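The working numbering puts the last residue of the sequence shown at 103; the count rises by one with no breaks.
By construction, the Cβ of each residue, glycine as well, lies at the ideal position given by its N, Cα and C atoms.
It should be emphasised that the depicted structure is a prediction, and the values quoted were computed from it without experimental measurement.
Heads up: the structure comes next, in structure tokens.
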Amino acid sequence: MQNYQSHITIDPNIRSGKPIIRGMRITVYDILDMLSDGMSFNEIMQDYPKLREDDIYAVLSYAADKEHKLSICA
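Now the structure itself:
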């Protein structure tokens with residue numbers, strides 16, 4: 030998924046400006062943490078019924094984009 034911008038937003042009034050999904054209070058970190066704990070897409074969507082599968086793919090795309098842009102200064 031290249032166009033994560035329609036899913037991931039930043040609002041300084043929600044969750045202290047952390048990247049969130051579609052204006053909800055669910056952060057990118059929340060989803061990444063659940064995935065790293067071994068939760069499936071279906072399990073996450075059961076816990077958060079307003080989430081869609083494409084939201085989770087957007088989180089992964091967002092994380093990949095941030096990792097790609099990461100640079101280490103020596």
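Please give the ranges of any beta strand (DSSP E) in the segment 40 to 99, keeping only runs that are unbroken, at least 3 residues long and fully inside the region. If you keep only unbroken beta strand (DSSP E) runs of at least 3 residues inside the segment 40 to 99, you get 48 to 50.
Quick check: the Cα distance between Lys79 and Glu96, rounded to an integer number of angstroms? Here the alpha carbons of Glu96 and Lys79 stand approximately 27 angstroms from one another.
Contacts around Ser46, its chain only, beta-carbon distance under 8 angstroms, and the 5 residues preceding and following it disregarded: The displayed chain sequence assigns Gly, not Ser, to residue 46. Non-local C-beta neighbours of Gly46 in its own chain, meaning closer than 8 angstroms and more than five positions away in sequence, comprise Ile39 and Asp40, ordered along the chain.
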